[in-house]
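Heads up: the structure comes next, in structure tokens.
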Amino acid sequence: MNRVARVVAQGRDSVTLQLQKVEKCAGCTGNCDKPLFNLFSMKKSVFILSHNHTNYQIDDKAGLLSQKLSLGQLLVIHISDRDLSTFSGLLYLLPILLFIATLSAGHYVGKWLGLETDLTALFGLLLGFCLVFLIMKSNLIAQHLKIRPLVTILGVNGTKD
0 MNRVARVVAQ GRDSVTLQLQ KVEKCAGCTG NCDKPLFNLF SMKKSVFILS
50 HNHTNYQIDD KAGLLSQKLS LGQLLVIHIS DRDLSTFSGL LYLLPILLFI
100 ATLSAGHYVG KWLGLETDLT ALFGLLLGFC LVFLIMKSNL IAQHLKIRPL
150 VTILGVNGTK D
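In numbering that gives the first Met the number 0, the protein residues as written are 0 to 160.
Listed below in structure tokens is the structure:
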């Protein structure tokens, strides 16, 4: 998926970009006109590209991160669809599996202790929700996954008028 982003700020080894809304291509099923929800921990379509980021790998063959870019300049970036879908699948699948595991554990603990199994299963599910919330809040899954989306900077695309 190719995205166009505008340079908002530039640091020593990083560039802050804001994704630009583009028209959807005719017949294309991609969602290039939609913001990348929570990718790279961004808010409001603004994110920082850096070689040291834990949530993605960066491929900057042209060395654009180390060059001086002007504010408002447009960059074309490519995000690997395969890596992104694998990463997203894991981020969504792992919490669901944890919900099922804690629900089942609650059921079997209730059965083993001779308690009401529906109530203990519900308690297990509640515990699963708390665990998933804490794990997502601390970014543990994203930090320890070996699969990270590959972001390739394709080049400069002029400036936004």
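Note that the Cβ used here is the ideal one computed from N, Cα and C, for glycine as well.
Check                                                                                                         : Outcome
Rounded C-alpha distance that separates Thr-119 from Leu-89                                                   : 28 Å
Outcome for His-50 when other beta-carbon atoms lying within 10 angstroms are tallied against a minimum of 16 : exposed
Distance between Arg-5 and Gln-72 (C-alpha atoms, nearest Å)                                                  : 6 Å
The stretch 117-133 / the stretch 94-106 touching (three or more Cβ pairs under 8 Å)                          : yes
His-106 - containing alpha helix (DSSP H), residue span                                                       : 80-112
Secondary structure of Ala-165, DSSP reduced to three states                                                  : The displayed coordinates of the chain run from 0 to 160. Any statement about residue 165 would go beyond what the structure contains.
Residues that DSSP places opposite Asp-59 in a beta bridge                                                    : Paired residue(s): none; Asp-59 is not in a bridge.
Boundaries of the beta strand (DSSP E) in which Arg-5 is found, first to last residue                         : 1-9
Secondary structure of Leu-16, DSSP reduced to three states                                                   : strand
Cβ of Ile-134 within 8 Å of any chain D Cβ                                                                    : Of the chains in the structure shown, none is chain D; there is only one protein chain.
CA nearest to the CA of Leu-64, picked from Arg-81, Arg-11, Asn-1                                             : Arg-11
Through-space distance from Leu-114 to Leu-125, alpha-carbon basis                                            : 17 Å
Three-state secondary structure assigned by DSSP to Leu-126                                                   : helix
Counted within 10 angstroms of its Cβ, other Cβ atoms place Gly-62 as buried (16 or more) or exposed          : exposed
Same chain only: Cβ atoms within 6 Å of Val-45, ignoring 5 sequence neighbours per side                       : Gln-17
Nearest candidate by alpha-carbon position, reference Arg-67, set Ala-8, Lys-136, Arg-2, Asn-1                : The amino acid at residue 67 is misidentified as Arg; the sequence shows Lys. Measuring from the Cα of Lys-67, the nearest candidate turns out to be Ala-8.
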